[in-house]
Amino acid sequence: MRTATVFLLCLVVFTARAQPPALMPWPQEIAEAAGNFSVNEDFTVSLSGPASNRLSAYATRFISRVAGRTGLFITQWRPVAGDSAGLQISYNKVAALNLQTDESYQLNIAPSGMVLQANTDVGAMRGLETLLQLLSSNAAGYYFAGYTIKDSPRFVWRGLLLDVCRHWLPMEVVLRNLDAMAAVKMNVLHLHLTEDQGFRIESKVYPKLHEMGSDGNYFTQEEIRKIVAYAAARGIRVVPEFDIPGHTTSWFVGYPELAAAPGPYEIARKYGVHNPTIDPTKEYTYVFLEKFLTEMAGLFPDGFMHIGGDENNGKQWNANAGITKFKENQGLASNHELQAYFNVKVAAILTQLNKRMVGWDEILDEDLPRSIVIQSWRGKQALIDAAEAGYDVLLSNGYYIDLVQPAAYHYQNDPIPAGSGLSAEALQHVLGGEATMWAELVSPETVDSRIWPRTAAIAERFWSPAGRNDTDDMYQRLQIVSVQLEELGLLHRKNYAMMMRRLVGEENVPTLKTLIDVLEPIEGYKRHRARKYRTWSPLTRVPDIAQPDAFVAMAFNKLVDDYLANGSQLAKKQIKEQLLVWVENHKQMRQLANKYPAIKEILPLSEGLSGIAVLGMQALSSTKAHDAAWHQSADRMLADAAKPRAECELKVVTGIAKIVAAVN
Ligand code: ACM
């Protein structure tokens with residue numbers, strides 16, 4: 001096991017410049033320059049430009065991260081005055097955060113010094129992150145390899161949605177994810193703050209919203225100000241979402257009079273589309289929303305506010321005679337038209353508050369002003385239709401990271417859909433996209449592993465040229481960036497072992513890890529069909545530990561491909577060693593399951609792995625007869641091993657199946 005795994009991991013470690021640097025997102029232009037800039041304890045950074053507290057603090061953190069990664073006791077812990085610094089940063093202005101923010105920068109690294117130039121302090125921040133990804137080492141010490149880089153984003157809106165409602169995600173989760181976003185040059189945090197399952201922000205105007213709708217788990221207004229400031233210090237805008245008129249059960253616990261059906265209401269504990277919906281026919285609704293949104297506008301300085309608008313199933317509206325009558329009187333032929341009526345009124349409130357309205361693609365309707373933004377999630381067509389109709393658009397379809405699909409899938413999904421035929425004018429309306437971390441099946445403990453490292457690949461899709469889309473190359477860089485994200489406090493890797501320790505104790509982690517390393521959780525919404533998930537259900541089981549991209553399995557499958565392509569005896573030996581490890585591991589797993597019932601559910605996966613590992617060994621052995629009967633039985637076993645169990649799938653079946661298929 002040890003030899004094989006160490007080898008597999010070594011496949012992804014480069015020596016500097018023998019390979020391209022592990023930059024993510026990849027810059028627009030990069031060229032190698034002669035020599036390196038060496039880093040030692042005398043390393044200094046200088047700033048030249050108008051006072052920017054946030055850039056000064058950013059540069060100070062930069063120095064600390066360099067020190068942390070190198071172990072160097074750097075003397076100057078913050079930027080120094082003068083023009084002889086090792087890294088000279090110059091910029092022209094302090095940026096306001098909006099769609100026009102200039103995030104471009106240029107970087108020149110030479111043995112004599114490094115120069116980072118940007119038009120704005122935010123551009124300089126983006127350049128500092130690039131620099132940190134270039135920090136390398138050799139026997140002589142640490143250095144920045146010589147490059148000249150000219151960089152700017154492809155899209156102005158590169159977002160991550162955090163649903164802090166389905167499962168409460170407190171302050172520290174938001175803050176560390178803002179750091180991770182900045183590391184990969186993302187610039188919009190979309191905070192989904194209200195849901196059937198929780199109202200997660202303090203309202204002083206309507207205090208029963210958070211008091212009765214949150215189980216006590218909400219952001220105080222002081223905390224919100226801290227999040228907004230923390231984000232702004234990293235060049236990140238915060239767009240709040242108050243999802244209306246559906247997804248509103250938690251509002252009605254305290255204010256049932258807002259609903260289209262009489263209460264009382266309770267906070268939702270189940271998932272799926274719920275019936276409770278705001279009554280759009282009452283004047284009270286708009287008085288309430290105006291007061292509430294005015295209060296929220298004071299907390300969020302960004303120019304955009306998201307009103308959700310998704311998944312209104314219309315059941316409460318249909319069942320309400322007053323609403324039916326209202327539709328008739330107003331000449332509204334459908335619930336869609338009624339919702340458009342509602343949205344027009346909400347848009348007017350937001351316009352008065354100097355906010356541009358954003359909504360999910362359900363809200364697309366020609367009655368709405370062209371100033372609103374459509375966020376496409378159900379498919380790509382709404383994006384195309386809206387952009388052609390003159391609306392600014394965002395793509396989230398294909399970036400649903402809660403569905404735990406591989407990074408490669410998201411990486412190949414472009415904000416400008418292939419073959420969309422968008423006109424030149426419509427193309428200008430594509431602002432970018434957002435990865436969406438819906439939180440039905442994540443907790444503060446697991447959420448980082450569902451966001452990272454995959455979202456770094458999405459960040460690259462939003463920033464880098466469309467043609468930068470080689471999946472193998474992306475995966476090589478992604479694994480390096482994944483480790484760098486840990487230095488910011490992200491838990492996506494750390495909690496992998498921690499969660500295994502909880503299930504089986506420290507001494508048994510290697511056994512469990514050998515299996516989980518080659519499992520992935522089942523994708524899409526399948527987990528909701530496999531078990532009845534409620535807000536309180538455990539998220540500590542193997543499908544919560546297993547990663548969306550099982551890198552060990554990917555490396556094994558690649559080793560098989562290499563072996564079959566060129567017949568390397570070394571590769572064959574490594575494959576055999578790995579197969580033997582899996583066979584032996586199953587014996588340990590059987591014993592473990594006797595002591596720890598929580599892992600009994602994955603025994604069939606372990607058994608399946610062991611069984612097909614034996615097949616692989618037989619296929620690689622010259623003494624075994626591989627007749628038709630053997631192949632038939634092998635195919636049955638492989639098909640069985642490929643079946644999902646315990647909401648997980650074995651990801652090395654394809655590799656072993658190739659070995660089996662290759663022999664006759
Ligand atoms: C959504 O996923 N309901 C926007």
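Numbering of the sequence shown is given in my numbering, commencing with residue 1 and proceeding in unit increments.
Beta carbons are placed, not taken as given, at the ideal position from N, Cα and C, and that holds for glycine.
| Item | Value |
| --- | --- |
| Buried or exposed by the 16-neighbour rule on C-beta atoms within 10 Å, applied to D302 | buried |
| Test item: CB-CB of L135 and L162 under 8 Å | no |
| C-beta atoms of N187 and I236 nearer than 8 Å | yes |
| The ligand ACM heavy atom lying under 7 Å from the CB of D310 | yes |
| Contacting residues, own chain, Cβ-Cβ under 8 Å from T248 (five flanking each side not counted) | T194, D196, L258, A259, P276, T277 and I278 |
| Rounded C-alpha distance that separates C648 from E607 | 14 Å |
| Residue interval of the alpha helix (DSSP H) (run including D83) | Note, D83: premise wrong, no alpha helix (DSSP H); not H, not E. |
| For V430, the first and last residue of its enclosing beta strand (DSSP E) | V430 to M437 |
| Continuous alpha helix (DSSP H) stretch holding I278: start and end | Careful: I278 lies outside any alpha helix (DSSP H) and carries neither H nor E. |
| Environment of V6 [buried if 16+ CB atoms lie within 10 Å] | Residue placement at V6 cannot be trusted, given a pLDDT of 41 that sits under 50; what the coordinates show is reported in the next sentence. V6 is exposed by the Cβ-count criterion. |
| Residue burial classification, D151 (beta-carbon count within 10 angstroms, cutoff 16) | buried |
| The ligand ACM heavy atom lying under 7 Å from the CB of W360 | yes |
| Beta-bridge pairing of S376 - partner residues as DSSP gives them | L395 |
| Cutoff 6 Å; reference R54; Cβ partners in own chain excluding five residues on either side | A233 |
| Within the segment 316 to 374, ranges of the alpha helix (DSSP H) (whole runs, at least 4 residues) | 321 to 330 and 335 to 352 |
| The ligand ACM heavy atom lying under 7 Å from the CB of W630 | no |
| Unbroken alpha helix (DSSP H) run spanning I709, endpoints | The structure shown does not extend to residue 709, since the chain is modelled only from 1 to 664, so the question has no answer here. |
| Touch test, the segment 587 to 605 against the segment 620 to 633, Cβ-Cβ under 8 Å, three pairs minimum | no |
| Rounded straight-line distance, which links the Cα of A268 to that of A139 | 58 Å |
| Local Cβ density within 10 Å of G198, reported as buried at 16 or more and exposed below that | buried |
| Distance cut-off 7 Å: W377 Cβ against heavy atoms of the ligand ACM | yes |
| K643 (DSSP reduced to helix, strand or coil) | coil |
| DSSP beta-bridge partners of R534 | K270 |
| Sequence-distant residues of the same chain with beta carbon closer than 8 Å to F144, five excluded per side | N36, F37, V39, I109, M114, L131, L134, L135 and S136 |
| DSSP state of F73 mapped onto helix, strand, coil | coil |
| Range of the contiguous alpha helix (DSSP H) that encloses G254 | T249 to G254 |
| Chain-order list of residues whose beta-carbon lies under 7 Å from that of Y341 (same chain, five-residue window excluded) | P280, Q330 and L332 |
| CA-to-CA distance, M617 to K572, given in whole angstroms | 10 Å |
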